[in-house]
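Undergrad: In this note's numbering, the protein residues as written are 29 to 355. Using N, Cα and C, we set each Cβ at its ideal position, and we do this for glycine too.
(1) Using the C-alpha atoms, what's the distance from residue 273 back to residue 40?
(2) Roughly how far, in whole angstroms, is the beta-carbon of residue 267 from the beta-carbon of residue 287, given that I think they are within contact range, below 8 Å?
(3) Please work out which residues of its chain come closer than 8 Å, Cβ to Cβ, to residue 237, disregarding the five sequence neighbours upstream and downstream, and give them in chain order.
(4) So, helix, strand or coil for residue 318, using DSSP?
(5) For residue 348, which residues from the same chain have a beta carbon less than 8 Å from its beta carbon, with the 5 sequence-adjacent residues on both sides left out?
(6) Rounded to the nearest angstrom, how far is the Cβ of residue 329 from that of residue 319, given a contact under 8 Å?
(7) Ordered along the chain, which non-local residues of its own chain (more than five positions away) have a Cβ less than 6 Å from that of residue 227?
(8) List the whole-angstrom C-beta distance separating residue 147 from residue 167, where the pair is believed to meet the contact cut-off of C-beta under 8 Å.
(9) Among 240, 93, 136, which has the Cα closest to the Cα of residue 120?
(10) Determine the direct distance from the alpha carbon of residue 290 to that of residue 346, and round the result to whole angstroms.
(11) From residue 67 to residue 193, what does the alpha carbon distance come to, in whole angstroms?
(12) Have a look at residue 122 and residue 50 and give me their C-alpha separation to the nearest angstrom.
(13) According to the neighbour-count rule (16 or more other Cβ atoms, all chains shown, within 10 Å of its Cβ), is residue 224 buried or exposed?
(14) Quick one: using the 10 Å Cβ neighbour count with 16 as the cut-off for buried, is residue 161 buried or exposed?
(15) If you run the structure through DSSP and keep just helix, strand and coil, what is residue 169?
(16) Span of the beta strand (DSSP E) holding residue 45?
(17) If you count every other CB in all the chains shown that lies within 10 Å of the CB of residue 350, and 16 or more means buried, which is it?
(18) Enumerate in chain order the residues of its own chain whose CB-to-CB distance from residue 127 is below 6 Å, with the five nearest sequence positions on each side excluded.
(19) With 16 other CB atoms within 10 Å as the buried threshold, where does residue 294 fall?
(20) For residue 277, does the three-state DSSP call read helix, strand or coil?
(21) Under the three-state reduction of DSSP, which class applies to residue 146: helix, strand or coil?
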């Protein structure tokens with residue numbers, strides 16, 4: 029029996045959220061609805077504009093990072109997760125790890141004493157529930173093969189690779205190494221495309237993952253269309269089925285389209301009033317993988333994932349608490 033259901037690898041970030049209007053995005057010159065990587069100086073300027081000049085207050089703060097959110101969800105749904113990342117021995121990094129440990133997720137960083145600054149993500153939500161993120165990776169951009177726990181990976185059912193890792197040469201190398209180890213050990217390789225802008229800017233890196241073999245890809249319609257150079261979501265889904273053995277594509281309020289290698293299922297979404305789309309894809313992947321690990325088929329797993337993705341967008345924050353998971 030495998031020790032872990034899902035082994036994730038990704039950027040460890042602490043999420044800080046604010047409510048803004050569209051005009052503020054013009055002030056800080058960020059593209060709405062996508063993630064932009066920023067340096068420390070840009071981070072300080074954005075925070076100055078948010079908190080000092082425009083007097084916005086923090087509405088939510090928690091441990092974050094795309095793959096971390098997914099592994100936390102896996103753990104909350106009663107399965108067992110492991111997370112490989114890189115944080116510094118600072119206030120932010122300690123907050124991140126305490127949060128992870130409290131949930132019960134094992135990690136390579138539980139006894140970290142690395143010097144530097146841990147990663148942070150400034151997440152800004154407009155009144156249409158769109159979220160625009162400015163991420164300062166800090167020490168996380170130095171994630172490398174050193175942070176891999178090969179034994180834990182070999183003892184997992186699924187590997188879950190965060191697409192954002194393609195932005196760092198050493199992190200990309202680590203992700204490819206993890207993919208190789210998983211293939212050799214018979215571990216199912218899953219990859220999330222993460223963000224439309226990342227897919228567009230690093231298409232060759234995602235092609236490299238595909239060439240090495242992707243068992244299951246997670247994406248939304250826009251990401252799928254960009255990667256496959258398609259004019260419609262349906263066309264993109266068809267192309268993905270020729271590249272990846274299995275596909276889980278989210279379609280916003282319309283739910284999801286999934287392919288288990290044989291059968292395609294269109295699974296309706298659950299009606300909700302969205303206030304913050306942060307973490308919707310992460311939650312979908314976590315719930316989906318947890319459901320699969322428990323023996324569900326793809327259609328059942330997608331319905332379960334849609335239910336909890338709808339919960340996550342109906343409130344602020346990228347993670348649910350225990351009470352929200354049990355209802």
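TA: This is what the structure holds:
(1) For this step, residue 40 is matched to residue 12 along the chain shown. For this step, residue 273 is matched to residue 245 along the chain shown. Residue 40 and residue 273 have their C-alpha atoms some 28 Å from each other.
(2) For the purposes of this step, residue 267 is taken as residue 239 along the chain shown, with counting starting at 1. For the purposes of this step, residue 287 is taken as residue 259 along the chain shown, with counting starting at 1. That pair is no contact at about 12 Å.
(3) Counted from its first residue, the chain shown places residue 237 at position 209. Non-local C-beta neighbours of residue 237 in its own chain, meaning closer than 8 Å and more than five positions away in sequence, comprise 189, 203, 204, 207, 219, ordered along the chain.
(4) If you number the chain shown from 1, residue 318 lands on position 290. Residue state, collapsed to three classes: helix.
(5) Walking along the chain shown from the start, residue 348 turns up at place 320. The residues are 101, 104, 311, 336, 339, 340.
(6) Within the chain shown, numbered from 1, the residue matching residue 329 stands at position 301. Within the chain shown, numbered from 1, the residue matching residue 319 stands at position 291. The pair is a contact, with the Cβ atoms about 4 Å apart (cut-off 8 Å).
(7) Counting from 1 along the chain shown, the entry for residue 227 is found at position 199. Same-chain partners within the cutoff: 221, 251, 254, 255.
(8) Position 119 of the chain shown, counting from 1, holds the residue named residue 147. Position 139 of the chain shown, counting from 1, holds the residue named residue 167. The Cβ separation is near 7 Å, so the contact holds.
(9) Translated into positions along the chain shown, residue 120 becomes position 92. Ranking the options by Cα distance to residue 120, first place goes to 93.
(10) Within the chain shown, residue 346 is the residue found at index 318, counting from 1. Within the chain shown, residue 290 is the residue found at index 262, counting from 1. Going by the C-alpha atoms only, they are around 32 Å apart.
(11) Position 39 of the chain shown holds residue 67. Position 165 of the chain shown holds residue 193. Spanning the two alpha carbons is a distance of roughly 16 Å.
(12) Here the question's residue 122 lines up with position 94 in the chain shown. Here the question's residue 50 lines up with position 22 in the chain shown. Going from the Cα of residue 122 to the Cα of residue 50 covers about 33 Å.
(13) On the chain shown, residue 224 is found 196 positions in, with the first residue counted as 1. Per the 10 Å Cβ criterion, buried.
(14) Counting from one through the chain shown, the residue named residue 161 turns up at place 133. By the neighbour-count rule (16 or more Cβ atoms within 10 Å), residue 161 is buried.
(15) As a working mapping, residue 169 is identified with position 141 in the chain shown. When secondary structure is reduced to three states using DSSP, residue 169 falls in the helix class.
(16) On the chain shown, residue 45 is found 17 positions in, with the first residue counted as 1. Note, residue 45: beta strand (DSSP E), 41 to 47.
(17) As a position in the chain shown, residue 350 is number 322, starting the count at 1. By the C-beta density criterion, residue 350 is exposed, having fewer than 16 other C-beta atoms within 10 angstroms.
(18) Stepping through the chain shown from its first residue, residue 127 is reached at position 99. Once the five neighbours on either side are set aside, the close Cβ partners of residue 127 are 91.
(19) Residue numbering aside, residue 294 sits at position 266 when the chain shown is read from its first letter. Under this definition residue 294 is an exposed residue.
(20) The residue given as residue 277 occupies position 249 in the chain shown. Looking at residue 277 - three-state DSSP - the assignment turns out to be strand.
(21) One-based indexing of the chain shown puts residue 146 at position 118. Residue 146 falls in the coil class under three-state DSSP.
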